[in-house]
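K.L.:
Take a look at this one; I'll ask things after.
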Amino acid sequence: MRFSRIHLSKFFDTFYPLPSVMDACSFVKLVRKRTSRLAEFLEKGVLASNANRRSRPFDAKVHVDIAKSLDALLSLKEKDVERVIWEEHKLTDERLLTCLVPYQMAANIIMRGLPQNVRKMCVEELRAEEDYYLKGITKKRHNKFIQWIERDVFVSTGLNYLRRLSPLRHARIPVIAVMGHSQHGKTTLLDVLQKTSFSEEESRGTTQSIRAFTISASENGFRSVTFVDTPGQRVFTETRFHAQIIADALLLVVSLVEGVQIQTFEVIKVALNIDKPILVVLNKLDLYSDPRKADEAMFNVLMDLREAGLNVVMVHKPKDIERLRACESNTKLDAQSSKEVQNTLQLFAPMKKVDAQYKGSKTHPVVNLKRSCAGVCISARERENLGLLWSLIELMSSTLSPFCHSRMENYTSHSCSHQAVILESSKHLFDEESFRIRKNVQRLQKRQDATNERQKLRLEKNSVSARIHSALNNDRKKLQSSNPTSTNCLVLTVIVREGCITKGLLFVADQTRGRVDYMIDAAGNFVDKAYPGTAVIIIDVHSNTGCPGVGTHLLSMPFVDERDRVFEYRRWLQWFIECFPNRLNLLRPRGMDVSFAHLGDYGQIGNTHCLEYQLLYGPPQDAFSTGINSQSTEEELSINGSKPLEKSIAEYLSEKNLEDQERHKGFPLEDGSHQKILMEDDLEVTLHTTWTQLQPRKRPETQEMHDEMIKSCIQIGVLFKVDSWHSARMLHREINRLGTRKVAFHVVGMRFGELTADDIMFFGRAMKIAVCYRTPLGLSTDLDQYIEINDTWVLQTDDITEVILFLKWCAVALHKEHAPDDYGVTERSHKSYLVLMNDKSGKSSEKKVDQQKNSRHRRLLVTPNF
Numbered sequence: 003m004r005f006s007r008i009h010l011s012k013f014f015d016t017f018y019p020l021p022s023v024m025d026a027c028s029f030v031k032l033v034r035k036r037t038s039r040l041a042e043f044l045e046k047g048v049l050a051s052n053a054n055r056r057s058r059p060f061d062a063k064v065h066v067d068i069a070k071s072l073d074a075l076l077s078l079k080e081k082d083v084e085r086v087i088w089e090e091h092k093l094t095d096e097r098l099l100t101c102l103v104p105y106q107m108a109a110n111i112i113m114r115g116l117p118q119n120v121r122k123m124c125v126e127e128l129r130a131e132e133d134y135y136l137k138g139i140t141k142k143r144h145n146k147f148i149q150w151i152e153r154d155v156f157v158s159t160g161l162n163y164l165r166r167l168s169p170l171r172h173a174r175i176p177v178i179a180v181m182g183h184s185q186h187g188k189t190t191l192l193d194v195l196q197k198t199s200f201s202e203e204e205s206r207g208t209t210q211s212i213r214a215f216t217i218s219a220s221e222n223g224f225r226s227v228t229f230v231d232t233p234g235q236r237v238f239t240e241t242r243f244h245a246q247i248i249a250d251a252l253l254l255v256v257s258l259v260e261g262v263q264i265q266t267f268e269v270i271k272v273a274l275n276i277d278k279p280i281l282v283v284l285n286k287l288d289l290y291s292d293p294r295k296a297d298e299a300m301f302n303v304l305m306d307l308r309e310a311g312l313n314v315v316m317v318h319k320p321k322d323i324e325r326l327r328a329c330e331s332n333t334k335l336d337a338q339s340s341k342e343v344q345n346t347l348q349l350f351a352p353m354k355k356v357d358a359q360y361k362g363s364k365t366h367p368v369v370n371l372k373r374s375c376a377g378v379c380i381s382a383r384e385r386e387n388l389g390l391l392w393s394l395i396e397l398m399s400s401t402l403s404p405f406c407h408s409r410m411e412n413y414t415s416h417s418c419s420h421q422a423v424i425l426e427s428s429k430h431l432f433d434e435e436s437f438r439i440r441k442n443v444q445r446l447q448k449r450q451d452a453t454n455e456r457q458k459l460r461l462e463k464n465s466v467s468a469r470i471h472s473a474l475n476n477d478r479k480k481l482q483s484s485n486p487t488s489t490n491c492l493v494l495t496v497i498v499r500e501g502c503i504t505k506g507l508l509f510v511a512d513q514t515r516g517r518v519d520y521m522i523d524a525a526g527n528f529v530d531k532a533y534p535g536t537a538v539i540i541i542d543v544h545s546n547t548g549c550p551g552v553g554t555h556l557l558s559m560p561f562v563d564e565r566d567r568v569f570e571y572r573r574w575l576q577w578f579i580e581c582f583p584n585r586l587n588l589l590r591p592r593g594m595d596v597s598f599a600h601l602g603d604y605g606q607i608g609n610t611h612c613l614e615y616q617l618l619y620g621p622p623q624d625a626f627s628t629g630i631n632s633q634s635t636e637e638e639l640s641i642n643g644s645k646p647l648e649k650s651i652a653e654y655l656s657e658k659n660l661e662d663q664e665r666h667k668g669f670p671l672e673d674g675s676h677q678k679i680l681m682e683d684d685l686e687v688t689l690h691t692t693w694t695q696l697q698p699r700k701r702p703e704t705q706e707m708h709d710e711m712i713k714s715c716i717q718i719g720v721l722f723k724v725d726s727w728h729s730a731r732m733l734h735r736e737i738n739r740l741g742t743r744k745v746a747f748h749v750v751g752m753r754f755g756e757l758t759a760d761d762i763m764f765f766g767r768a769m770k771i772a773v774c775y776r777t778p779l780g781l782s783t784d785l786d787q788y789i790e791i792n793d794t795w796v797l798q799t800d801d802i803t804e805v806i807l808f809l810k811w812c813a814v815a816l817h818k819e820h821a822p823d824d825y826g827v828t829e830r831s832h833k834s835y836l837v838l839m840n841d842k843s844g845k846s847s848e849k850k851v852d853q854q855k856n857s858r859h860r861r862l863l864v865t866p867n868f
């Protein structure tokens, strides 16, 4: 096994190098091997101190005595370790079959078996180490006997190496996220900028996924830019948040017609707290034929933006751009710049570079933040003022000057020398909007299908016994697999940060390992090299791991064995953190930080005030107990003369949501019309009213009360087949809000790719509902039979509104079926609806339709009747 330079010195300079966690088998092997080395060291020391007494019998006696004193470690067995971990310390979990040994318990097991004099020296070293950490002093030397080592790799691992290699910095392509409310023209604008037609491929004309593409300098006449297109609906909050974190700057698109809406306020507050420069784009200028009405609409939008915290300086002519460029160049030459010039620079620079007292923060977000930014009024459809927009993007990019430390192609020189940040991940090649236009992806899919077909033909040529044996092994592997129905294709949309990513690169990312087999751009064209700042889709067609989380880093590894070692260590660490979130202090020496932010939150982060928590789950927990929003509390604060508590981001957005109530049901198309596919208007209103009446009469105030309420409910299993990591997270979060006071939904499976008969067989009766979101149904004659036999309700759609509507209907129907005494709803619809996939008109049938054998052609396999 080969180790990179960062591990060699730490690993071999001590007798017992212990990582944060190991499995029992690896721990026993390490202890036995290292104890043999310790025995040799102690034997040499004794013989050297008794040189005048040495003889063959004396040497043999010393050897036997030392071996006897270390016998407990030399003969250590897995069952001994399991007894200590499982029985003495109770580190057991029904989800774990492997015995995990954390650092502190491993050190205790070793010290129990050491001779008394060696144990004393070991304890002294560990106490000195603890004092170092408690005092905040970086320890300069390593322990001789027991030493904690870092087996993981990080972004800093590669950056430190690159800084040592060369102090020079290289310019990289800027990354700009396009944000805004739904239907304000984000995708239309990007289609115009990159000369594509993605908006025509979208479901109902709305973006429901995240996309990234790079426009080269030769295409636009300016510098290369990477744009990230984001969805604008409420449920995609996490997607927008990750895009903002990854981007260098934001392009905020606001419609002059609709004005500033709730998601616009959300984007602004997040951007101000994470300190990202903003460029405001006022769109749909072509819809105003009267210049005075256009000016009035623009004035109203600018006032709303100012109230939200943005002081927008509009750019109307090319001369305004030249003035800004002149101010920037003068500032570079003259340090004593005027106040006007300083304000001009504030349009594009991060506020913390301009004002050191700026209070924006992800951990403690603030509502009342303000900054200045530039703005331009355009018409994306009529291509009006796009030249001004490109000039502002160029000026903002030159002010930001994003950089990287390396552009080299060789990734074998050091661990993490090449890095990328993950924007989206999936385990399936199919993409709802882009698969039809990505010819190369279609070829890859056909190649995969042809390989599977050849394997099937080879199997059929074998004998009957061979076929049965192979089928049994295949079923056994599926049952043992953590993701039995996903493909082996790992698809990652990444933004390159360091180095030039090429085909063949080995990597680890979160809990995933892989190899770059193919690279394509957003249009499906093959890419040979991806330099820093470039958006590229990485495909590994031989992946046997899951999907990495969005926002985590893809890190290059020089060798396969080192990549696998890091992957296994991360997997053990993930298991321990997930199963024992309250025992993390055992993973590192006493006094050392035990946070593992890159592995996710499993109860170790209790900060409900952080920005991400408030966006996803609402106001902080103490906001409900303190009653900040109540009038009496505000009066008491004012009477006492103390400073009133500032409202949280979640409370601010909740108030804005009440002020900006949706003016219509469903998502409108760009022409302002509505397309009802799943239900007609009257049934949808009845369903929403019924579902609202069946909600809990009193909101649970504590987690214990919530758990008790869930236990009293009817448990309904739901299987989701999704297209991406963000879709899985969003549906898993939303489903908890769609039950009733007697019906609770539980996700029994979250899988990637099409719905197949294997899914129905695998989950069986544990699953009542199956939802295929942005994924197709498998073309199998057996699928329909298994669905009918299992009595599964199935929905296949590419629109999130239909998923929410369908689950609400399921909750109401199941509530009526299993708890009729608690139903208590007087208004009922006397219509029954069954929606077909080939129903292009959007009208539902008013007659009950018998379930036929070709039910796989149906979008909805159940008949609403309530």
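The number in my numbering is simply the position in the sequence shown, starting from 1, with 2 added.
By construction, the Cβ of each residue, glycine as well, lies at the ideal position given by its N, Cα and C atoms.
Quick check on residue 410: does DSSP put it in helix, strand or coil?
P.N.:
In this structure, residue 410 counts as coil in the three-state DSSP scheme.
K.L.:
Tell me, which residues are paired with residue 231 by DSSP?
P.N.:
In the DSSP output, where bridge partners are listed per residue, residue 231 has 180, 213.
K.L.:
Going by Cα to Cα distance, which pick from 742, 756, 737, 185 is closest to residue 748?
P.N.:
Per the Cα distances, 737.
K.L.:
How about the segment 233-249 and the segment 565-575: do they share at least three Cβ pairs that are nearer than 8 Å?
P.N.:
Counting Cβ pairs under 8 Å, fewer than three are found: no touch.
K.L.:
If we require 3 or more residues per run, which beta strand (DSSP E) segments fall completely within the segment 91-171?
P.N.:
Correct list: 102-104, 148-150.
K.L.:
DSSP state of residue 426, grouped into three classes?
P.N.:
DSSP places residue 426 in strand when its eight states are reduced to three.
K.L.:
As an exercise, report each continuous alpha helix (DSSP H) stretch of at least 4 residues that is fully enclosed by the segment 526-590, in chain order.
P.N.:
Whole alpha helix (DSSP H) segments, 4+ residues: 562-581.
K.L.:
Are residue 446 and residue 511 touching if we call contact CB-CB under 7 Å?
P.N.:
No. Outside cutoff.
K.L.:
Taking three-plus beta-carbon pairs below 8 Å as touching, is the segment 507-523 in contact with the segment 259-270?
P.N.:
No, the segment 507-523 does not touch the segment 259-270.
K.L.:
Could you pull the DSSP bridge partners for residue 495 from this structure?
P.N.:
BP columns for residue 495 point to 426, 539.
K.L.:
Specify, as a first and last residue, the run of the beta strand (DSSP E) that residue 705 falls within.
P.N.:
Residue 705 -> not in any beta strand (DSSP E); alpha helix (DSSP H) instead, spanning 705-713.
K.L.:
Kindly list the residues whose CB is nearer than 8 Å to the CB of residue 810, restricted to its own chain and excluding five residues on each side of it in sequence; keep chain order.
P.N.:
Same-chain partners within the cutoff: 689, 690, 693, 740.
K.L.:
DSSP on residue 285, reduced to helix/strand/coil?
P.N.:
In the structure shown, residue 285 sits in a strand (DSSP, three-state: E or B).
K.L.:
Compute the Euclidean distance between the alpha carbons of residue 371 and residue 315, then round it to the nearest angstrom.
P.N.:
Roughly 17 Å between the two C-alpha positions.
K.L.:
Quick one: what does DSSP say residue 21 is sitting in, helix, strand or coil?
P.N.:
Three-state DSSP puts residue 21 in coil, outside helix and strand.
K.L.:
How many whole angstroms separate the CB atoms of residue 543 and residue 563, which I take to be in contact at a CB cut-off of 8 Å?
P.N.:
About 21 Å separates the two Cβ atoms, so there is no contact after all.
K.L.:
Tell me whether residue 389 sits in a helix, a strand or coil according to DSSP, three-state version.
P.N.:
Residue state, collapsed to three classes: helix.
K.L.:
Could you tell me the distance, in whole angstroms, from the CA atom of residue 194 to the CA atom of residue 494?
P.N.:
Rounded to whole angstroms, residue 194 to residue 494 spans 25 Å at the Cα level.
K.L.:
Taking the alpha-carbon of residue 380 as reference, which of 282, 682, 56, 800 has the nearest alpha-carbon?
P.N.:
Looking at the Cα atoms, 282 is the closest of the given residues.
K.L.:
Check whether the Cβ atoms of residue 352 and residue 651 lie closer than 7 Å to each other.
P.N.:
No, Cβ-Cβ distance for residue 352 and residue 651 is not below 7 Å.
K.L.:
Thinking C-alpha only, which one of 86, 490, 497 is nearest residue 547?
P.N.:
For the residues 86, 490, 497, the minimum Cα distance to residue 547 belongs to 490.
K.L.:
Could you check if residue 159 is buried or exposed, using at least 16 other CB atoms within 10 Å of its CB as the buried criterion?
P.N.:
That one is buried.
K.L.:
Going straight from the alpha carbon of residue 106 to that of residue 253, what length do you get?
P.N.:
Cα to Cα, the separation comes out at about 49 Å.
K.L.:
Ignoring anything shorter than 4 residues or poking outside the segment 707-792, list the alpha helix (DSSP H) runs there in chain order.
P.N.:
Qualifying alpha helix (DSSP H) stretches, in chain order: 727-736, 759-765, 783-792.
K.L.:
Following the continuous beta strand (DSSP E) through residue 520, name the residue where it begins and the one where it ends.
P.N.:
Note, residue 520: beta strand (DSSP E), 520-522.
K.L.:
Please tell me whether residue 213 and residue 231 are closer than 7 Å, where the distance is taken between their beta carbons.
P.N.:
Yes, they are a contact pair.
K.L.:
Which residue marks the beginning of the alpha helix (DSSP H) containing residue 76, and which one marks its end?
P.N.:
73-76 is the extent of the alpha helix (DSSP H) around residue 76.
K.L.:
Would you please state the rounded distance, in angstroms, between the beta carbons of residue 535 and residue 228? I believe it to be under 8 Å.
P.N.:
Rounded, the Cβ-Cβ distance is 6 Å, consistent with contact.
K.L.:
Mark residue 456 as exposed unless 16 or more other C-beta atoms lie within 10 angstroms of its C-beta, in which case mark it buried.
P.N.:
With fewer than 16 Cβ atoms within 10 Å of its Cβ, residue 456 is classed as exposed.
K.L.:
Buried or exposed: which applies to residue 81, given that a residue is buried once 16 or more other Cβ atoms fall within 10 Å of its Cβ?
P.N.:
Residue 81 comes out exposed.
K.L.:
Between which residues of its own chain and residue 256 is the CB-CB distance below 8 Å, once the five residues before and five after are set aside?
P.N.:
Hits under 8 Å: 182, 183, 186, 262, 266, 282, 283, 284, 285, 303, 307.
K.L.:
Reducing DSSP to helix, strand and coil, say where residue 251 ends up.
P.N.:
Note: residue 251 maps to strand in three-state DSSP.
K.L.:
In the DSSP assignment, find the alpha helix (DSSP H) that holds residue 272 and state where it starts and stops.
P.N.:
Run containing residue 272: 264-276, per the alpha helix (DSSP H) assignment.
K.L.:
Give the range of the alpha helix (DSSP H) segment to which residue 897 is assigned.
P.N.:
In the structure as shown, the chain begins at 3 and stops at 868. Residue 897 is therefore absent and cannot be evaluated.
K.L.:
Give me, in chain order, the residues of the same chain whose beta-carbon lies closer than 6 Å to that of residue 771; leave out the 5 immediate sequence neighbours on both sides.
P.N.:
Within the same chain, residue 771 has close Cβ partners 720, 795, 812.
K.L.:
What did DSSP end up calling residue 324 once you bin it into helix, strand or coil?
P.N.:
Correct three-state label for residue 324: helix.
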